[in-house]
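Participant: Dumping the structure here so I can ask a few things about it.
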Amino acid sequence: MALTQASAQCYQTKDNGQKFGPDSAKCVENLSLYSEYYKQNNMEMAQKPWQEAITNCPRSSQNLYIHGPSILKYAIKKATDPKIQKKLVDSLMCVYDKRVEYFGKKGYVLGRKASDYYTLTRDSEGAYAMFKECMELEGNETEAIPLVYYFQSACDLLSKEKLTKEDVLGLFQSIGNVIDYNLKKDPNDKNYQAAQENVEKIFVNCSGIADCGAMIGIFGPQFDSKVDDLDWLKKVAGLLDRQKCQDSPLFFKVVDAIGKKERSATVFRMLAGLAAGKGDCTTAIKYLQDAVEMEEDATQKAKDLLSIAKCYANQKQFGQAKSYALRAASTKSGWGDPYISIAEWCAASSSSCGDNECLAKAGYWVAVDFLTKAKSVDGSVASEANEKISKYKQYFPNNEDCFFHGIKEGDEVEVGCWINEKTKARF
């Protein structure tokens, strides 16, 4: 096999400091040969010229190190002798190291290196150390796939009692923050969507750390000694929030402690959730208004505005609810949810917004108007909107009810009280 001695040769490159090495013509020839085979997905034939190039002119092209892992993994898969496989894995690790040496980007390359190392060796401890350094260097720019393997390696080490539950819970939160950051930048990023799904699946099966009881059992006894540690409080609040443990006394204590130390949109949002959970919509609205003032992200601000609207609706203050829902819709363009909410409120209170049998049902016309608006701006809600339209049409006033009040098909009708909208009569 062409690459059985790659490991030794990888570290004995003939690097004379020149880009194309001591024999530039031969270097260019090997680069061209391996590249052509690589483009054809012919890894077998690409091996020898690639190895010649990386050995004799290691500075010549970063593609040697970008393509090299695919060539080596082909050879590893084809090898049947475990000793040869191990040499090839060593070679692969060496290629990643040489890439950093010649072309930098250590954090990024470490993520790739650790992922291959983990999948090929299942050495959780060695991989974990590489992933840890990768994430320390890359932060929010850490690639999606290394995040998944990083968390899996941590769960492996937890099962071997080489990490604590608190270690793994903390990592889950940190990885979740990176994923959330990237999905906020691009909600349609399939790599981070898949990473989120896979990390959460691993979490559920990770040595019993996923349930609220386990987390409360770990963090509850630490609260008194950690009450002044803002980073710890945020970590625990994030974990409890992510796993839907907001109704626990510990969550309340932690969020309350954060609120005394820091004013931020996230903290106010959590405090609002606690108040709403206790049925105190007035306090929840106050906290959400504070969150809206401090929130810089338009999408999150719009969600907070709609939450305020729903709180007002729960209090039967539909005029205020409508006002905040419309603010939410204008803050996040192309979002249909606020219009659907307004439609639901129109339908729910239609009978109280008309003084005769025709106008008492006119709210359903307005409800359908808002549902039509919802699906026109946001295709993702079309199915829900159409279902409600079909339902609400059954409650339209009939021709006879409206005829006696001088209202005919197609007439413009003003619907009063909080709805305060003009609509067209239809039967």
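Using this note's numbering, the first residue of the sequence shown is number 1, and each one after it goes up by one. We put the beta carbon where it would ideally sit given N, CA and C, even for glycine.
1) Suppose contacts are defined by Cβ-Cβ distances below 8 Å. Is residue 146 in contact with residue 114 by that definition?
2) On the DSSP letters alone, give me the boundaries of the alpha helix (DSSP H) that residue 368 sits inside.
3) Suppose contacts are defined by Cβ-Cβ distances below 8 Å. Is residue 331 in contact with residue 374 by that definition?
4) Judging by CA-CA distance, which residue of 403, 367, 400 and 394 is the nearest neighbour of residue 422?
5) Between which two residues does the beta strand (DSSP E) harbouring residue 381 extend?
6) Between which two residues does the alpha helix (DSSP H) containing residue 55 stretch?
7) Note the first and the last residue of the continuous alpha helix (DSSP H) segment covering residue 292.
8) Alpha carbons only, please: which of 270, 220, 253 and 249 is nearest the one belonging to residue 242?
9) Tell me which residues share the same chain as residue 335 and place their Cβ nearer than 8 Å to its Cβ, disregarding the 5 neighbours each side in the sequence.
10) Going by C-alpha to C-alpha distance, which of 290, 425 and 392 sits closest to residue 399?
11) How is the alpha helix (DSSP H) around residue 119 delimited, first residue to last?
12) Could you check where the alpha helix (DSSP H) with residue 190 kicks off and where it finishes?
13) List the whole-angstrom C-beta distance separating residue 165 from residue 209, where the pair is believed to meet the contact cut-off of C-beta under 8 Å.
14) Residue 397 and residue 362: beta carbons closer than 8 Å?
15) Are the CB atoms of residue 179 and residue 195 within a distance shorter than 8 Å?
16) Just to confirm the assignment, what range does the beta strand (DSSP E) spanning residue 424 have?
17) What are the partner residues of residue 413, as DSSP defines its beta bridges?
18) Closest to residue 207 by CA distance: which of 252, 154, 418 and 235 is it?
19) At the level of alpha carbons, what is the spacing between residue 172 and residue 128?
Facilitator: Let's see:
1) yes
2) 363-377
3) no
4) The candidate whose alpha carbon is nearest that of residue 422 is 367.
5) Looking at the DSSP string, residue 381 is not in any beta strand (DSSP E), and its letter there is neither H nor E.
6) 43-56
7) Run containing residue 292: 281-294, per the alpha helix (DSSP H) assignment.
8) If we check each option's Cα against that of residue 242, 270 comes out closest.
9) 302, 328, 329, 377 and 378
10) That would be 425, whose Cα lies nearest to the Cα of residue 399.
11) 106-121
12) 190-204
13) Rounded, the Cβ-Cβ distance is 5 Å, consistent with contact.
14) yes
15) yes
16) 421-424
17) 423
18) For residue 207, the nearest C-alpha among the options comes from 154.
19) Between residue 172 and residue 128, the C-alpha separation is close to 14 Å.
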